[in-house]
Every structure is written in structure tokens, then in C-alpha cells.
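Residue numbers for the sequence shown, in the numbering used here: 670 to 825. A virtual CB, placed ideally from N, CA and C, is assigned to each residue, including glycine.
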Amino acid sequence: MATPTERALQLLSLLQGGGELLADMLARRLEVSERTVRRDARRLRDLGYDVSARTGPGASYRLRPSVKIPPLLLSEDEIAAVAVGLGMLAAWEPADEAAASAAAKLTSLLPPRLARRARAVSLSTQVLHADRPAIDMATMGVLADAVANATRVRFA
């Protein structure tokens, strides 16, 4: 079972995706009660995160972008490259939500001009690819080690 701190960080991660999230959905995702979600949201507020709540039936939570963090120092071209890369990852592994989640979080942290560029690149590109065979990650690791160590690999 997750500690209160771990749960609060999981809640923060879900809220950073943007939008208003229903309390019952958050409770299901975190495998806790709605009351626990309410406590974890209060814990995040105590840490300085601006978590707004709508109470009553259909209660929901939203993270307002108010936490002060250092700005990302990326150019428009770098943002375009990151957006394309995350789009490719999302297309190759659609079941893995990490790339889509990372793109949403990155866009929420960018200054408005760069956020517009990232959204424009994402909307104007489409990754086309044929189904690829599954990759054996153990084999991939062996090959990566061989390259890093400048050793030969034999195939049978």
C-alpha cells in the first residue's frame, strides 16, 4: 500500500496532465476512497500546489499552473524536435501513456509562445509506420552493451 506521500505524488502526476478530473475517477486510479483523495489534495495545497476543488456530487480537482519552477530554456526548434520525438514514441507504443503524459506536462510548463509551437507541431504531424515486431529488451540490452564496449556479436 502506498504511503500518503507516494499517493500525493501520484495524485500530483495525474493532475499535471491538465483538465478537471473527477474525484471518483482519481480514487479508482489511486485505489483509495474519495475522502483519501480529498486529504491528499489538501496535502498538495500545504506543499504550495494550487489544487482547486469542486465539492458535492460529481466532485472534481484541477491543478492550476501557479507553482514557480525554473523556466525551460529551449528554442522553438528544440521544442519542435521534442514534440516530434514524443509523438513518435506515442505512435510506436500506444498502450504506454508515458509519452502522451510527458507531452502534456511539458506543454503546461512552457511559456505561451513555445506551448503554441509544441501544440502546432503535434497537430500538424502524423507518424506513419508499419506494424513492427516485438523487441526483446534483453537482446537489445546485450547489443547495446556490445556497442558500448566495442565488442563483436555473433548471430546464429
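query: Once you ignore the five residues that flank Ala773 on each side, which residues in its own chain have a CB closer than 7 angstroms to its CB?; result: Gly686 and Gly687
query: Considering only the alpha carbon of each residue, which of Gly727, Thr794, Arg714 and Ala728 lies closest to Val751?; result: Thr794
query: Just to check my reading of the structure: Arg703 and Ala692 have Cβ atoms closer than 8 angstroms, yes? What is that Cβ distance to the nearest angstrom?; result: Note that residue 703 corresponds to Glu in the displayed sequence, not to Arg. Their Cβ separation, rounded to whole angstroms, is 5 angstroms, which keeps Glu703 and Ala692 in contact under 8 angstroms.
query: Arg782: which of Ala710, Asp715 and Ala749 sits nearest, CA to CA?; result: Ala749
query: For Ser729, which residues in the same chain have their Cβ closer than 8 angstroms to its Cβ, ignoring the five residues on either side in sequence?; result: Glu689, Leu690, Leu691, Ala692, Ala722 and Arg723
query: Based on Cα-Cα distance, which residue from Val811, Glu700 and Ala817 lies nearest to Phe824?; result: Val811
query: Going by C-alpha distance, which of Asp709, Val822 and Ser744 is nearest Arg785?; result: Ser744
query: Closest to Asp746 by C-alpha separation, out of Ala787, Arg708, Leu775 and Ala710, would be which residue?; result: Ala787
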